[in-house]
Each structure stands twice: as structure tokens, then as C-alpha cells.
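Numbering that gives the first Met the number 0 puts the sequence shown at residues 0 to 193. Note that CB positions come from ideal geometry on N, CA and C, so glycine has one too. Single-structure report; data block below.
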Amino acid sequence: MNGKKYQCYRFLTFPLLFVLVNCKYIGTPNNGIENANMEASVVQEITTKEDCIFDQSTQTSDFLEGIQELEGYVWDAESKTAHFPELGGWELAITRGGCDHYELSATFIRNEVLEFSKEKDFVFEKIIWITSLLDEFQGGVIKEVIEGNKVSITKENENYYYGNFMDERVYENFYMDYKLANDRTEFSINYWLN
Numbered sequence: 000m001n002g003k004k005y006q007c008y009r010f011l012t013f014p015l016l017f018v019l020v021n022c023k024y025i026g027t028p029n030n031g032i033e034n035a036n037m038e039a040s041v042v043q044e045i046t047t048k049e050d051c052i053f054d055q056s057t058q059t060s061d062f063l064e065g066i067q068e069l070e071g072y073v074w075d076a077e078s079k080t081a082h083f084p085e086l087g088g089w090e091l092a093i094t095r096g097g098c099d100h101y102e103l104s105a106t107f108i109r110n111e112v113l114e115f116s117k118e119k120d121f122v123f124e125k126i127i128w129i130t131s132l133l134d135e136f137q138g139g140v141i142k143e144v145i146e147g148n149k150v151s152i153t154k155e156n157e158n159y160y161y162g163n164f165m166d167e168r169v170y171e172n173f174y175m176d177y178k179l180a181n182d183r184t185e186f187s188i189n190y191w192l193n
């Protein structure tokens, strides 16, 4: 009988030691240091990452060259944005570039609050105008969609409207928005590539 008790005791002791050893191993102070070093390594890798999906050396203002309607801009190489200070009472910012995501957007800005319902035709007119000037915007398709009344507008709230172009050629990568904030109106056409 003593042999059986010893075997049971040994059987119970082994799992208990296994649990204690594993718990101690997981909870060692060194493990926290290793995690901190690993996190620092990941952060460093992200911040020093120089290889982008999209070639940033080609993301210059060259796409605007020769477009007479868009002369007189100031190019910000860091944000990949051309700033036009005055176009008929509106400012215009055209952004083109990206590292892991590619964006082409044209944002019209006015230091005045304007209601979307009253400005809708003007907004669509400006979107057709800017997309006709920049080939990447597929201006012909955007114009066809707008004139065909194939834009779905969603009112997110009193100050923000979002528009989808309901055509399979542009639905996935294009959208528009209209927002009111800080006593100003902004609307944009956006091309996004992931």
C-alpha cells in the first residue's frame, strides 16, 4: 500500500512542479526586458523604414507641369501637396503621393460656412473641372457619373457629407467629401490606392 501512496504523491508532485516552473519562467523579470527591447526594435524598424510600396522619388510636382489653369502653386515636397492660394475666392490643395498608400486629392477651401444643399451644383462643377485637368482622376468617367446623377451622398452629420461614385470603374478608389469646420468650408475629390 505504501508504494501506491508514494506513486500518487509523485504523480501529484510532478504536475505541481511543472506548473510552478512554467509560471516562474513566464514571470521572470528578464521577460519584461526582452519585451521592451522587442517593442523598441519594432518601433525603430517602423520609423527607419525607407522602402515604400510607392516610389517617393517620382512623387514631385511634375504632374502639374504644363497645366495652364494650375500655374502659380507652391509645392510642399514633404506633404506632396501643391498649394494654390487663390482660385476664384477658394484655396486649392492638391496632394499626390504616399508610401504604403497612394493618394491623389484636390481639396477646395473657403473661409466661410456654406450649406451643402445650396452649393451642391458648384461642388460638382469644381470636381468635374479639377478631374478634367489631371489624368489620374479619370475626369471623363467622373463627369459621366456626376452628370448621370450616379453619386450617392450620405449626410454623416450637420457638418459632414460623404459621396460615393456609383460606377464600377471608380467606385472602389474614388470618393468625395464636404465638411464644415472652424468657420470654413472644405470639399474634396479623392483617389485612394492601397
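### Query
When burial is assigned at 16 or more other CB atoms within 10 Å of the CB, is V150 buried or exposed?
buried
### Task
Compare the C-alpha of I108 against each of L86, E124, A76 and E90 and name the closest.
With distances taken between Cα atoms, I108 lies closest to E90.
### Query
Using 8 Å as the threshold, is the region 157-164 in touch with the region 85-99, meaning 3 or more CB pairs across them?
no
### Query
In three-state DSSP terms, what is T94?
strand
### Message
Using C-beta distances below 6 Å, list every residue in its chain close to L69, excluding the 5 sequence neighbours before and after it, in chain order.
### Response
For L69, where only same-chain residues beyond five positions count, the Cβ hits under 6 Å are L63.
### Message
So if DSSP puts L179 in a beta bridge, which residue, or which two residues, is it bridged to?
### Response
The partner list for L179 (beta bridge, DSSP) reads T184.
#### Entry: Residue span of the beta strand (DSSP E) that contains K154, given as start and end
DSSP places K154 in the uninterrupted beta strand (DSSP E) bounded by V150 to N156.
### Task
Express the C-alpha separation of D50 and I126 in angstroms, rounding to a whole number.
33 Å
### Query
Around the C-beta of I52, are 16 or more other C-beta atoms found within 10 angstroms, so that it is buried, or is it exposed?
exposed
### Query
Between T57 and F115, what straight-line distance do the alpha-carbon atoms span, to the nearest angstrom?
36 Å
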